[in-house]
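K.L.:
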Amino acid sequence: MPGKAVLCLVKTNPHDHELYRFKLEELRRLAEALGYSIVGESIQVRVKPTVDYAFGWGKVMELKSLVSSTDADTVIFYNTLTGKQKFNLERILRCRVIDRYELTLEIFSSMASDEVSKLQIEVARLSKSFTYEKIILAEKYRIGREHPSLRSRGEYIYRNQIGSLKRRLSKLKEKMNKYLEMQKAQLEKRRSLGLPSVCITGYYNAGKTTLFNALTGLRKPVSPLPFTTLSSKYYLAQGITRRFFLVDTIGFVYDLDPMMIDSFKLTLNDIVQSDIILLVVDISESEDIVRFKIETVSSILEDTLKIDGSKIILVLNKVDLVNPVDLSGKLSKIADYTRRYPSVIVSASMGYNLEYLLSFVENKLESIKDTVYAKL
Ligand SMILES: Nc1nc2c(ncn2[C@@H]2O[C@H](COP(=O)(O)OP(=O)(O)OP(=O)(O)O)[C@@H](O)[C@H]2O)c(=O)[nH]1
Ligand SMILES: [Mg+2]
Numbered sequence: 001m002p003g004k005a006v007l008c009l010v011k012t013n014p015h016d017h018e019l020y021r022f023k024l025e026e027l028r029r030l031a032e033a034l035g036y037s038i039v040g041e042s043i044q045v046r047v048k049p050t051v052d053y054a055f056g057w058g059k060v061m062e063l064k065s066l067v068s069s070t071d072a073d074t075v076i077f078y079n080t081l082t083g084k085q086k087f088n089l090e091r092i093l094r095c096r097v098i099d100r101y102e103l104t105l106e107i108f109s110s111m112a113s114d115e116v117s118k119l120q121i122e123v124a125r126l127s128k129s130f131t132y133e134k135i136i137l138a139e140k141y142r143i144g145r146e147h148p149s150l151r152s153r154g155e156y157i158y159r160n161q162i163g164s165l166k167r168r169l170s171k172l173k174e175k176m177n178k179y180l181e182m183q184k185a186q187l188e189k190r191r192s193l194g195l196p197s198v199c200i201t202g203y204y205n206a207g208k209t210t211l212f213n214a215l216t217g218l219r220k221p222v223s224p225l226p227f228t229t230l231s232s233k234y235y236l237a238q239g240i241t242r243r244f245f246l247v248d249t250i251g252f253v254y255d256l257d258p259m260m261i262d263s264f265k266l267t268l269n270d271i272v273q274s275d276i277i278l279l280v281v282d283i284s285e286s287e288d289i290v291r292f293k294i295e296t297v298s299s300i301l302e303d304t305l306k307i308d309g310s311k312i313i314l315v316l317n318k319v320d321l322v323n324p325v326d327l328s329g330k331l332s333k334i335a336d337y338t339r340r341y342p343s344v345i346v347s348a349s350m351g352y353n354l355e356y357l358l359s360f361v362e363n364k365l366e367s368i369k370d371t372v373y374a375k376l
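In the numbering used here, the protein residues as written are 1 to 376.
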């Protein structure tokens, strides 16, 4: 049950005067969405987190008094913690210590209802916690220390438990491979119909599902909470002149951990395999944040997932919340992106400019028709 939490960040770039604030604010929103009450925060500037505690020793002591004076029961780090850092911090602070990776998985778990999402979450959780569990078990059975029972019953149980963790992970990965095979078969089936796929992607909360619902007439869950959508939804949409599969997917966050990307490849494949990608952005946020979120998603799509940038259309959503006087300022701030990707301004919830978006998408589908059919 979420209780009182202290947020922590190792600020590795001393010249960063704004981004770290955004990171902490995002961490706060994610924690609050789960029901944590944030009672304090602790930031240390250092080029590299320390191997043992992430924070330096003096800062750990300061954090210890903050935890005790605020009566916090959880410490949440923005930085990804190693098993060793987590274990050491928990021992000194005498409270639960998690990082943003684990916090995100907690949110995912609270939202997940389908088999595929649960499987991906479990793979992500086990992959991350493996070294931590190893340390806990070694401590429990006093492995690696001078101890009379070394090479005896304690070590036997330790090896046994580590073995069962490994088997569990490899079983889950096997199951994941089966789903990947099924996904491949479904993809081929859709391709054999000769219909292209258009995928809606973007930062979490950008309004992707609201757009999906507006274009399909469906009523998939929409909410201001992060990660409302976890598994992809396909729908055979009837556009103005043609039919295509419209796909709604999971939202992205900043500093996405490579282990998370690997665990969620089933969902991410839906984006990679699409013929057109709608990169949805909430244009009602401050100019810097709008820019920063486009940058984040664009880099995940193009650099990490190796998606061809020519497939991307930028959808600037929630324009109903923007004061018309501010719009041109926002557009000039993201001009390098609007030059790089074609862009359409819409309001998914008000239905503004959706016909234009549809015709834009359909024209693009027409222009890549030969490439799509060539893939069949
Ligand atoms: N004012 C306004 N609100 C919108 C618009 N589009 C979406 N929203 C709101 O933004 C919030 C997030 O919408 P979702 O459609 O759930 O966003 P999402 O990108 O699918 O979010 P995740 O699935 O969590 O990644 C909800 O409260 C929506 O009502 C819009 O065009 N205008
Ligand atoms: Mg959604």
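C-beta: ideal position from N, C-alpha, C; glycine also.
#1: Since L314 and Y337 are thought to touch, with beta carbons under 8 Å apart, how far apart are those beta carbons, to the nearest angstrom?
#2: Could you have a look at D303 and say whether DSSP puts it in helix, strand or coil?
#3: With which residues is I283 paired in a DSSP beta bridge?
#4: Please indicate yes or no: does the CB of T379 lie closer than 7 Å to some heavy atom of ligand 1?
#5: If we require 4 or more residues per run, which alpha helix (DSSP H) segments fall completely within the segment 17 to 102?
#6: Please report the Cβ distance between T249 and S263, rounded to the nearest whole angstrom; I am assuming they are in contact, meaning their Cβ atoms lie under 8 Å.
#7: Tell me which same chain residues have a C-beta within less than 8 Å of the C-beta of A214, skipping the five on either side of it?
#8: With distances taken Cα to Cα, identify the nearest neighbour of T209 among S197, S223, V198.
#9: Which full runs of the alpha helix (DSSP H) of 4+ residues lie inside the segment 198 to 238, going along the chain?
#10: Count Cβ pairs between the segment 236 to 249 and the segment 194 to 206 that sit closer than 8 Å; are there 3 or more?
#11: Measuring from each Cβ to the nearest heavy atom of ligand 2, keep the ones under 7 Å and list them in chain order.
#12: Any heavy atom of ligand 1 within a distance shorter than 7 Å of the CB on P226?
#13: Less than 8 Å between the beta carbons of L180 and L266, yes or no?
#14: Using the three-state DSSP reduction, which class does I277 fall into: helix, strand or coil?
#15: Could you name the residues that DSSP lists as bridge partners for N243?
#16: Would you mind working out which of V322, Y158, V346, L316 sits nearest A335, comparing C-alpha positions?
#17: Tell me the DSSP secondary structure of D248 in three-state form.
#18: Would you mind stating whether G3 and T74 have Cβ atoms separated by less than 8 Å?
#19: Are the Cβ atoms of V281 and V319 separated by less than 8 Å?
#20: Is DSSP giving L7 helix, strand or coil here?
#21: How big is the Cα-Cα spacing for P49 and E366?
#22: Can we count S197 as close to ligand 1, meaning its CB is less than 7 Å from some heavy atom?
P.N.:
The answer reads as follows:
#1: 6 Å
#2: helix
#3: Beta-bridge pairing links I283 to no other residue.
#4: Residue 379 lies beyond the range of the chain shown here (1 to 376); nothing can be said about it.
#5: 19 to 33, 57 to 70, 83 to 93
#6: The Cβ separation is near 15 Å, so there is no contact.
#7: A348, S349, G351, L354
#8: S223
#9: 208 to 216
#10: yes
#11: K208, T209, V222, T228, T229, D248, G251
#12: yes
#13: yes
#14: strand
#15: Reading the sequence as shown, one finds Arg at residue 243 and not Asn. Looking at the DSSP assignment, R243 forms a beta bridge with Q238.
#16: L316
#17: strand
#18: yes
#19: no
#20: strand
#21: 51 Å
#22: no
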